[in-house]
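Asker:
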Amino acid sequence: MNLHAIKAIYIFEMSRTFRTILQSLVSPVLSTSLYFVVFGAAIGSRFAEVEGVSYGTFIVPGLIMLTVLTQAVSNASFGIYFPRFIGTIQEILSAPISSLEIVVGYVGAAATKSFVIGLIILATAHLFVPLRIDHPVWMLGFLVLTCVSFALFGFIIGIWAKNFEQLQLVPLLVITPLVFLGGSFYSISMLPPVWQKVTLFNPVVYLISGFRWSFFGESDVGVGLSLAMVLLFLSICLAIIMWIFKTGYRIRN
Amino acid sequence: MNTIPLRTGSDGTNPEIGGDPICSISEVSKTYAGGFHALDGVSLEIRKGEILALLGPNGAGKTTLISIICGIVKSSGGSVTVGGYDVGRHFRQSRSLIGLVPQEINLEPFETVSNTVNFSRGLFGKPKDTDYIEKVLKRLSLWDKRKDQIVTLSGGMKRRVLIAKALSHEPRVLFLDEPTAGVDVELRKDMWEIVRALQADGVTIILTTHYIEEAEAIADRVGVIDKGKLLLVEDKSTLMQRMGTKQIRIELQSALESIPDALSQYELEIDKTGNALIYTYDPTGGRTGITSLFSDLKSAGLVLCDVQTYQSSLEEIFVDLIKAQT
Ligand SMILES: Nc1ncnc2c1ncn2[C@@H]1O[C@H](COP(=O)(O)OP(=O)(O)OP(=O)(O)O)[C@@H](O)[C@H]1O
Ligand SMILES: [Mg+2]
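Read top to bottom, the protein sequences are chains A and B.
Per our numbering: the first sequence = residues 40 to 292.
Per our numbering: the second sequence = residues 147 to 472.
Below you can see the structure in the form of structure tokens.
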């Protein structure tokens, strides 16, 4: 195990974050605050309680997931795409490190960054609405798993993308709709029966449901199923990454 | 130029020139995804401590060969070992021994010089060592720039940063892929000195170049690659001797119409001006005939004003080789 290499990649990636601290942290916090103002205070005040909490409080877990997912994907995809784009990937490929170590460095940094953003949004939310967390350990567990899984997913996109457009396309066309339709802003039980079934094909539903359960103890699907689905998604991403490195797909000629 | 010696290898020993090859390349071929054959059965042994210049026109396959040794490109056939380790199966050991200065300037634009160099050291599995990195940066005249962002550096400075990165983990073998492309004469001379100093520290150096003068100036051995084939590898001096003939130009006081009969046994030509004789001989042959030629010149009554010798340069040898191929 080349621990020095993992550390080097991790620190280098984190220092990129600190260089761009404004975009990295301020923009997600700002956009979440806007959600609270619009959905929580302005519109939400007209709504009845959902699952026993006020609407403003209800959307907190979904909002955190929305941001964490998008951040994990975009950080990780950019993190590996950028070296490919400017050619510094060659140094990584010529270094005495295994694919696993490369993934741990890049994905670890992207996951850490989105994890921190998730916590900051949680703190921001606390300023706007009353919050309670029934199962804090589960909450952190779900958050970490989400950060890691979607950072892995982002890593795949970063290797697959041929240009900056493709890099943005997947988050835009796939992640955002999945998250919006995954119950960030509503409970599945509020949907018509047919859509309740359809929506179960959306992996994000399980994530948000499980995550919300860790806050309020209520969920759309069982928490065990949620956990299983997250782990399944994580394993699929891992498998794809292993295949990528084995074949050298788009990185090693 | 700073000449503080760099540490050479973890054991601190200086391996002598010769002995086992540090890198052996055997029947390596490469076909790119598009079906292009970039390398065709290249075999080469690189000796410990030497400076080997790989010479070849654009697209010859120099970068491809280096990339295969360094693990950036997968070979389609053949095998490569570095320090006895197979670059595929024992990539950790083999790559730890290698430093690569790539042809393209690939650097994180907004990082500082010292962060980038420290990053490379870590990437190659070495613990942080500020003293060593300081020495490297000083030797490459980058110490004053260590806190500068890469974007603010000139092209030549960026190339030095690439060298510093390659040296950051104390490699035993250094690949320089066209280190002096786009570099001014001053910096080129500097670069050569850095290379010589590294050799003195026991580092084996392989450099690619289009500039024959470069190979002539610093290489111990020269390999010529064209169209994916290694045409030859030879000691520079042997190469120049083997391929090169020497000429003596003898300036005369008065013009000649024809070569005097007394001199007919020599390989002589009259220069266009008629004022000089050109004598072509093989310097390796042992008997060059120079002594007898000069005494015969005297007996023929010719008065000499000046004598010059010429040797064919690597450039001429190189051009001959490439021509012979096509
Ligand atoms: N990724 C690639 N895909 C397809 N063909 C490639 C690739 N990389 C290089 N080639 C081709 O392989 C051949 C050898 O390229 P290479 O870069 O090794 O040449 P070189 O000797 O380094 O040339 P130069 O002196 O211009 O740097 C060229 O014809 C090039 O077009
Ligand atoms: Mg090249």
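Here a beta-carbon is modelled for each residue, glycine too, at the ideal position from N, C-alpha and C.
Here the structure is a predicted model, which means the values were calculated and not measured.
(1) What three-state label does DSSP hand residue 392 of chain B in the structure shown?
(2) Got a sec? Which residues, its chain only, sit under 7 Å from residue 154 of chain A by beta carbon, not counting five neighbours each side?
(3) Report all residues from its chain with a CB closer than 7 Å to the CB of residue 434 of chain B; omit the five preceding and five following residues, and keep chain order.
(4) Using a Cβ-Cβ cut-off of less than 9 Å, list which residues of the segment 262-281 of chain B approach chain A; keep chain order.
(5) Look up residue 191 of chain B in the DSSP assignment and give the residues it is bridged to.
(6) When the Cα atoms are used, what is the spatial distance from residue 213 of chain B to residue 219 of chain B?
(7) In chain order, what residues have a CB nearer than 7 Å to some heavy atom of ligand 2?
(8) Verify the CB distance criterion: does residue 254 of chain B have a CB-CB separation below 8 Å to chain C?
(9) Check residue 74 of chain A in the structure and name its three-state DSSP category.
(10) Heavy atom of ligand 1 less than 7 Å from the Cβ of residue 205 of chain B, yes or no?
(11) Would you verify that the beta carbon of residue 246 of chain B is, or is not, closer than 8 Å to some beta carbon of chain A?
(12) How should residue 382 of chain B be labelled, buried or exposed, when 16 other C-beta atoms within 10 angstroms of its C-beta is the threshold for buried?
(13) Run through chain A and tell me which residues come within less than 7 Å of residue 216 of chain B, C-beta to C-beta.
(14) Ignore the nearest five residues each way along the sequence and tell me which others in residue 67 of chain A's own chain have a CB closer than 7 Å to its CB.
(15) Taking 7 Å as the cut-off, is the beta-carbon of residue 179 of chain B closer than that to any non-hydrogen atom of ligand 1?
(16) Nearest CA to the CA of residue 229 of chain B: which residue from B:280, B:171, B:323, B:417?
(17) Which residue comes first and which comes last in the alpha helix (DSSP H) that contains residue 438 of chain B?
(18) Would you mind sorting residue 203 of chain B into buried or exposed? The rule is 16 or more other CB atoms within 10 Å of its CB.
(19) Any heavy atom of ligand 4 closer than 7 Å to the Cβ of residue 184 of chain B?
(20) Strictly below 8 Å CB to CB, what residues from chain A border residue 241 of chain B?
(21) Using a threshold of 7 Å, is the CB atom of residue 147 of chain A nearer than that to any non-hydrogen atom of ligand 1?
(22) How is residue 351 of chain B classed by DSSP in three states: helix, strand or coil?
(23) How about residue 120 of chain A: is its C-beta nearer than 8 Å to some C-beta of chain B?
(24) Tell me whether residue 194 of chain B is buried or exposed, calling it buried when 16 or more other Cβ atoms sit within 10 Å of its Cβ.
(25) Which two residues bound the contiguous beta strand (DSSP E) that contains residue 320 of chain B?
(26) Can residue 217 of chain B be considered in contact with ligand 1, in the sense that its beta carbon sits closer than 7 Å to one or more heavy atoms?
(27) Shorter than 8 Å from the beta carbon of residue 359 of chain B to some beta carbon of chain A?
(28) Name the two residues that bound the continuous alpha helix (DSSP H) containing residue 312 of chain A.
(29) Would the beta-carbon of residue 224 of chain B be found less than 7 Å away from any heavy atom of ligand 1?
(30) Please classify residue 60 of chain A as buried or exposed, where buried requires at least 16 neighbouring CB atoms within 10 angstroms.
(31) Measure how close the beta-carbons of residue 283 of chain B and residue 310 of chain B come, nearest whole angstrom, since I'm counting them as under 8 Å.
(32) Tell me the DSSP secondary structure of residue 151 of chain A in three-state form.
(33) For the segment 145-168 of chain A, list every residue whose C-beta sits within 7 Å of some C-beta in chain B, in sequence order.
(34) Quick one: residues in its chain with C-beta nearer than 8 Å to the C-beta of residue 174 of chain B, no 5 flanking neighbours on either side, listed in chain order?
(35) How long is the line joining the alpha carbons of residue 363 of chain B and residue 197 of chain B, rounded to whole angstroms?
(36) Contact criterion: CB-CB distance below 8 Å. Does residue 301 of chain A meet it with respect to chain B?
Answerer: The short version:
(1) DSSP, read as helix, strand or coil, puts residue 392 of chain B in strand.
(2) 182, 183, 186
(3) So the qualifying residues of the chain are 427.
(4) 262, 264, 265, 266, 267, 268, 269, 270, 271, 272, 273, 274
(5) B:170
(6) Whole-angstrom Cα-Cα distance: 5 Å.
(7) B:208, B:209, B:249, B:323, B:324, B:354
(8) Any reference to chain C falls outside this structure, whose protein chains are A and B.
(9) helix
(10) yes
(11) yes
(12) buried
(13) 133
(14) 106, 110, 156, 160
(15) yes
(16) B:171
(17) 436-445
(18) Here residue 203 of chain B is exposed. Its C-beta has fewer than 16 other C-beta atoms within 10 Å.
(19) Questions concerning ligand 4 fall outside what the structure shown contains, since the ligands it does hold are ligand 1 and ligand 2.
(20) Going along chain A in sequence order, the residues near residue 241 of chain B (Cβ under 8 Å) are 133, 134, 135.
(21) no
(22) strand
(23) no
(24) buried
(25) 319-323
(26) No, the beta carbon of residue 217 of chain B sits no closer than 7 Å to any heavy atom of ligand 1.
(27) no
(28) The structure shown does not extend to residue 312 of chain A, since chain A spans only 40 to 292, so no value can be given for it.
(29) No, since every heavy atom of ligand 1 falls outside the 7 Å radius drawn around the Cβ of residue 224 of chain B.
(30) Residue 60 of chain A counts as exposed, since fewer than 16 other C-beta atoms from the protein chains shown sit within 10 angstroms of its C-beta.
(31) 6 Å
(32) helix
(33) none
(34) 185, 187, 188, 189, 211, 214, 221, 223, 224, 225, 226
(35) 11 Å
(36) Residue 301 of chain A cannot be examined here, being either before or after the span of chain A that is shown, 40 to 292.
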